[in-house]
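Visitor:
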Amino acid sequence: MSATGTVTGQHVIVVGAGIAGLAAAHRLLQRGARVTVLEASDRLGGKLLPGEIAGVRVDFGAESMLARRPEAVTLAREVGLADRLQPPATATASIWTRGALRPMPKGHVMGVPGTAAALSGVLSDEGLARVERDADLPPTEIGDDVAVGEYVAARMGHEVVDRLVEPLLGGVYAGDAYRISMRSAVPQLFHAARTHTSLTQAVREIQSKATAARQTGPVFMGLQGGVGFLPLAVAASVEAGGGEIHTRVPVTALRRDPVRGWRVTAGERELRADAVVVAVPAPAAAALLAVASPEAAAELRTVEYASMALVTLAYRRGDTALPAGSGFLVPPVDGHTIKASTFASQKWGWIADEDPDTVVLRTSVGRQGETQILHKDDADLVAVSRHDLREATGLTASPLETRVTRWTDGLPQYPVGHHARVARIREHLAGLPGIAVCGAAYDGVGIPACIASADAAVDRLGGDLSTAARLMADPVQSLHGGAGE
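Okay, structure coming up:
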C-alpha cells in the first residue's frame, strides 16, 4: 500500500482523455493502480490540440499554462518534456480600446487596479476619477459570493469593468464579467476584499504578498511545438507504465455493483472496475451519474457552457508589420467582433525559429450568448477577423493559409454560487465509494487547475480503494456490513 492509500493492483477506469483524465491516469499508475482510460472521440487531449499551418507547428486550442501554479509544469517534467518548456518570448501586450492599441496596464489583479494611475491611458479621465473614489466609499457587503463585474463596478465604476476586467476575464472564460463569480474566478481578490474597506487596498495587499513571496520568473509557460503535445506525452507515459488507453469507446452507463466496485458500459462491452474517475464535461458527467447519483447529476446539468472559435492565420513575414508584443485584448464595449488576437510568432520563440519567413497569428471569436457570430461559416469568420486585424494593426496582406477551430460548449461558466454547486456535487458523491470527478467544470478552467482537480480525484479514491482492499481481505467483516453498504 502506498502512503496515499491507493492499493497496488486495484483497477480504475478513467472516463475521458482530456488533460484531466490523462493526468488522473498518470497519477493512479504512480500509486500502483491498474488503469484503463476510455475516450469517446477519436483523439486525445480535449481542448489541447496541436497542429500545423503553412508548415509551422501551432496550437489550435489552449496555447499556454500558468507557470506560477506548479501542477502543469511539474507534470510536463514528469513525462519528459522538461527540455521543451519555454516561457513567452515577450510579456508585453496591448488592449484595443477607445480607437487605438494601448499598452496593457501593469499593477492590477485581473484588471482591478491598486491605484487609479495604473490604468492611465486605458480609462478616460472620468473613469480614473471614479476609481479614486473607491478609497472614500463605505465598505461594500460581499457576502458568500458576488459577481466580479458587479462588485468592481460598485467600488470603481463600470468603465474599469467594461474596458479591462471584462476582456481579461473574457479571455479565460468567454463569459460575462457581470455574472462570473469572484470567489471562483478570482479567489485571491475575493478573500482580500472581505478583509479590507477598499478594493484598492485589497489589490495592494495581494501585490505585497506576491512581492514578499518573491514570485519571480515567467507567469506563463509554453512548450516547444505547442502545449497540445502535453496530453500526448502524458498518454505515452501512461501506456509505458502499463496503462491502457482506448479511443472511440464511448461510456454510456455507470452502475454500482452490489457486491464490489463498478460496472461500466463501454460500447457493447461491460467492464468491471474497483473505482471510476469521471473526467468529462458536466453534461456528459450528468448523464453517466444519473442512476448512481441523481442529485449530483441534477447539479451537473445546471452548469452552463460558452462556445468560441479560434481563427489561425499564416502570412509571409515580408507582408506583415505587426506592433510589438504578444497581441491584444478587445473590450466588448467597443463593438468589435474579435475578443483577442495573439501574435503567435512573436509570443513563442520556437515558432519564429522553425520558420522565420512565416508569421502566425490568431484571433478568438465568441462569448457566452453570442451564438449568431458562431453560426457563420469559416470563410466569414476569417473575413471578420481580417477586418478587425486591419482596423487594429493595419494588416492588409492576404494570408497564406487559414484555419478555423470551433470549440462548441468549450468553456464552463462560473456564475455566482459556483463554489457552492461544486460542494453539493462532491457531497452527493461522497456517499458513493469508488467514484470521483475532475476537469474544468469544478475548480478552474486552466491547465494547472484541471491537473490539480485530477490529483484531488485520485486522492479522493485512495481511501475508498484501501477500504475495499481490507474488506476483500476480511470477508467476514464484509458479510457483517463493514462495507457500509
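Basically my numbering = 1-based index in the sequence shown + 1075. Even glycine gets a Cβ: it sits at the ideal position worked out from N, Cα and C. No experiment lies behind these values; they were computed from the predicted model shown.
Taking the continuous beta strand (DSSP E) assigned at I1170, which residues delimit it?
Guide: Here residue 1170 refers to the residue found at position 95 of the sequence shown. Where I1170 is concerned, the enclosing beta strand (DSSP E) stretches over S1169 to T1172.
Visitor: Between the Cα of G1521 and those of P1145, V1512 and V1090, spot the shortest distance and give me the residue it belongs to.
Guide: In the sequence shown, counting from the first residue as 1, residue 1521 sits at position 446. With distances taken between Cα atoms, G1521 lies closest to P1145.
Visitor: Does the region 1224 to 1244 touch the region 1392 to 1408, meaning 3 or more C-beta pairs lie closer than 8 Å?
Guide: They touch, by the three-pair rule.
Visitor: Per DSSP, which residues does I1413 bridge with? Please list them.
Guide: As a working mapping, residue 1413 is identified with position 338 in the sequence shown. For I1413, which the question treats as bridged, DSSP gives the partners V1440.
Visitor: In the DSSP output, which residue or residues are listed as bridge partners for L1307?
Guide: Along the sequence shown, read from residue 1 onward, the residue named residue 1307 stands at position 232. In DSSP, L1307 forms no bridge with anything.
Visitor: Beta-carbon within less than 6 Å of D1394's beta-carbon, same chain only, minus the 5 sequence neighbours each way: which residues are those?
Guide: Numbered from 1 along the sequence shown, position 319 holds the residue referred to as residue 1394. Excluding residues within five positions, the ones whose Cβ falls inside 6 Å are A1472.
Visitor: Name the residue from S1460, Q1276 and I1510 whose alpha carbon lies nearest to the alpha carbon of V1187.
Guide: Here residue 1187 is taken as the residue at index 112 of the sequence shown, counted from 1. If we check each option's Cα against that of V1187, Q1276 comes out closest.
Visitor: A1142: which of D1209, G1292 and A1371 sits nearest, CA to CA?
Guide: Locating residue 1142 in the sequence shown gives position 67, counting from the first residue. It is G1292.
Visitor: Please report the distance separating the alpha-carbon of S1273 from that of G1189.
Guide: In the sequence shown, the residue the question calls residue 1273 occupies position 198. In the sequence shown, the residue the question calls residue 1189 occupies position 114. Approximately 10 Å, taken between the alpha carbons.
Visitor: Which class does A1362 belong to by DSSP, given the choice of helix, strand or coil?
Guide: Counted from its first residue, the sequence shown places residue 1362 at position 287. DSSP places A1362 in helix when its eight states are reduced to three.
Visitor: My parser needs the beta strand (DSSP E) runs of 3 or more residues fully inside the region 1379 to 1424; what are they?
Guide: Runs of the beta strand (DSSP E) inside the region 1379 to 1424: 1380 to 1391, 1402 to 1404 and 1413 to 1417.
Visitor: Taking only runs of the beta strand (DSSP E) that begin and end inside the region 1226 to 1258, which ones reach a length of at least 3 residues, in chain order?
Guide: As far as the region 1226 to 1258 is concerned, it has no whole beta strand (DSSP E) run of at least 3 residues.
Visitor: For S1283, is the classification buried or exposed, using 16 other Cβ atoms within 10 angstroms of its Cβ as the cut-off for buried?
Guide: Translated into the one-based positions of the sequence shown, residue 1283 becomes position 208. Its Cβ having fewer than 16 others within 10 Å, S1283 is exposed.
Visitor: Alpha carbon to alpha carbon, what distance is there between R1478 and A1544?
Guide: Locating residue 1544 in the sequence shown gives position 469, where the first residue counts as 1. Locating residue 1478 in the sequence shown gives position 403, where the first residue counts as 1. The pLDDT assigned to A1544 is 45, lower than 50, so where the model puts this residue is not dependable; a value taken from the coordinates is nonetheless given after this. Cα-Cα distance, rounded: 51 Å.
Visitor: Kindly examine the ligand PLP and report whether one of its heavy atoms sits closer than 8 Å to the Cβ of L1536.
Guide: Summarising the ligand content, the structure contains no ligands, and the ligand PLP is consequently not present.
Visitor: How is S1199 classed by DSSP in three states: helix, strand or coil?
Guide: Indexing the sequence shown from 1 puts residue 1199 at position 124. Of the three classes helix, strand and coil, the one that applies to S1199 here is coil, per DSSP.
Visitor: Check whether the Cβ atoms of L1104 and L1307 lie closer than 9 Å to each other.
Guide: Along the sequence shown, read from residue 1 onward, the residue named residue 1104 stands at position 29. Along the sequence shown, read from residue 1 onward, the residue named residue 1307 stands at position 232. The answer is no: Cβ separation not under 9 Å.
Visitor: Measure the C-alpha to C-alpha separation of V1551 and A1367 and round it to an integer number of angstroms.
Guide: What you label residue 1551 is simply residue 476 of the sequence shown in a count that begins at 1. What you label residue 1367 is simply residue 292 of the sequence shown in a count that begins at 1. A caution first: V1551 carries a pLDDT of 31, below 50, which makes its placement in the model unreliable, though a value can still be read off. If you take the alpha carbons of V1551 and A1367, they lie about 26 Å apart.
Visitor: Ignoring anything shorter than 4 residues, give me the alpha helix (DSSP H) runs that lie fully in the region 1079 to 1167, in order along the chain.
Guide: The region 1079 to 1167 contains these whole alpha helix (DSSP H) runs: 1094 to 1105 and 1145 to 1153.
Visitor: Taking the beta carbon of Q1463 as the centre, do at least 16 other beta carbons fall within 10 Å, making it buried, or is it exposed?
Guide: Along the sequence shown, one-based indexing puts residue 1463 at 388. Reading off the sequence shown, one finds Asp at residue 1463, where the question assumed Gln. Result: buried.
Visitor: Could you tell me the alpha carbon to alpha carbon distance between I1448 and A1384, rounded to whole angstroms?
Guide: On the sequence shown, position 373 is the one that residue 1448 refers to. On the sequence shown, position 309 is the one that residue 1384 refers to. Roughly 10 Å between the two C-alpha positions.
Visitor: In its own chain, which residues sit with a C-beta less than 7 Å from the C-beta of H1493, not counting the 5 before and 5 after it?
Guide: The count along the sequence shown starts at 1 and reaches residue 1493 at position 418. Result list for H1493: S1256 and S1259, in chain order.
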